[in-house]
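First the structure, in the form of structure tokens, and then the observations on it.
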Amino acid sequence: MIRSAVVSDVPVMCAMIRELAEYEKVPHEARATEEQLREALFGERPAVFAHIAESKDGEAVGFAMWFLNFSTWRGVHGIYLEDLYVRPGVRGGGHGKALLRELARICVERGYERLEWSVLDWNSPAIDFYRSVGAVPMDEWTVYRLTDGALAELGS
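First residue of the sequence shown: 1, per the working numbering; consecutive thereafter.
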């Protein structure tokens, strides 16, 4: 079952974010607090959204966190999938595909023309999974990022 996240999901989402950071070999990067996540998702002006994948017994076993982006070329919004995570013990059970299907459904329903995300180049299981649902890599593009000191220096 896939459903929209609710406030009571924040602790389990924070736990899964830390699990994802461990898997991606950067646990020190997962610094978000429950309070920050609660505000981002459920504050006065939420700019990020989340869906929860539940097991048959109602346990949260995965999540998708996303926000809107905009294509100047197409003139419409799209969804950028920030994180998709399914706990290892239930992978292969269709939860990841169901989460992607829900985001694709939202795109179609709202007239959004893109569903995009990034994947680490060494994460073969994820790459294989994404290709199995018809996603294609954007090989000509390289993601750039400013954080910490470089961001502070440029912004001051």
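By construction, the Cβ of each residue, glycine as well, lies at the ideal position given by its N, Cα and C atoms.
- Judged by DSSP secondary structure, residue 29 falls outside any beta strand (DSSP E); it is assigned neither H nor E.
- Rounded to whole angstroms, residue 146 and residue 3 show a C-alpha spacing of 33 Å.
- When the Cα atoms are used, residue 136 and residue 130 turn out to be separated by approximately 8 Å.
- In this structure residue 16 is buried. Its beta-carbon is surrounded by 16 or more other beta-carbon atoms within 10 angstroms.
- Distance check between residue 67 and each of 20, 41, 56, 60 places 41 closest, using alpha-carbon atoms only.
- Spatial neighbours of residue 9 in its own chain (CB-CB distance under 7 Å, excluding positions within 5 residues in sequence) are listed in chain order as 52, 60.
- Under DSSP, residue 86 takes part in a beta bridge, and its partners are 62.
- For residue 153, the enclosing alpha helix (DSSP H) has its first and last residue at 148–155.
- According to the DSSP assignment, residue 101 belongs to the alpha helix (DSSP H) that extends over 95–110.
- The bridge partners DSSP lists for residue 3 are 52.
- Between residue 64 and residue 84, the C-beta spacing is below 8 Å.
- As DSSP reads the structure, residue 117 sits in a beta bridge with 81.
- In this structure the segment 19–26 lies against the segment 81–100, because at least three pairs of beta carbons, one per stretch, are closer than 8 Å.
- Under the DSSP definition of a beta bridge, residue 71 partners with 76.
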